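Colleague: The working numbering puts the first residue of the sequence shown at 21, with every later residue one more than the last. Let me begin by handing over the structure; questions about it come next.
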Amino acid sequence: MIYWIHIARAIDRVTLHRDRCSEVPSSISSSDFWEGGWFDYPDKERALAAMEQAGTTDERKCALCKP
Ligand SMILES: [Zn+2]
21 MIYWIHIARA IDRVTLHRDR CSEVPSSISS SDFWEGGWFD YPDKERALAA MEQAGTTDER
81 KCALCKP
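Following this line, the structure appears as structure tokens:
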């Protein structure tokens, strides 16, 4: 199982998704620090650690895929 985090710096939010969530884009474009972006992790522990390190105020779990 792959987990994705979506860092949205513009709205100061990071969201955790599971693999194959419909919100995860099929092709990931390059992202930069300010825009944030999508990042994949091979397990949930690493994804959660990355969420904490993202530095955003709002940490959420996706309501669709319920990671
Ligand atoms: Zn999701």
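Where a beta carbon is used, it is the ideal one built from N, C-alpha and C, also for glycine. Quick caveat, the model's predicted, so the values are computed rather than measured.
1. Measuring CA to CA, which of Asp39, Ile48 and Gly57 is closest to isoleucine 22?
2. With a threshold of 16 other CB atoms inside 10 Å of the CB of glycine 56, please say whether the residue is buried or exposed.
3. Quick one: is isoleucine 48 buried, meaning 16 or more other Cβ sit within 10 Å of its Cβ, or exposed?
4. What is the DSSP secondary structure of lysine 81, counted as helix, strand or coil?
5. Closer than 8 Å by C-beta to tryptophan 24: which residues in its own chain qualify, once you throw out the five before and the five after it? Chain order, please.
Modeller: The short version:
1. Asp39
2. buried
3. exposed
4. strand
5. Leu36, His37, Arg38, Asp39, Cys41, Val44, Trp58, Phe59, Asp60, Tyr61 and Ala67
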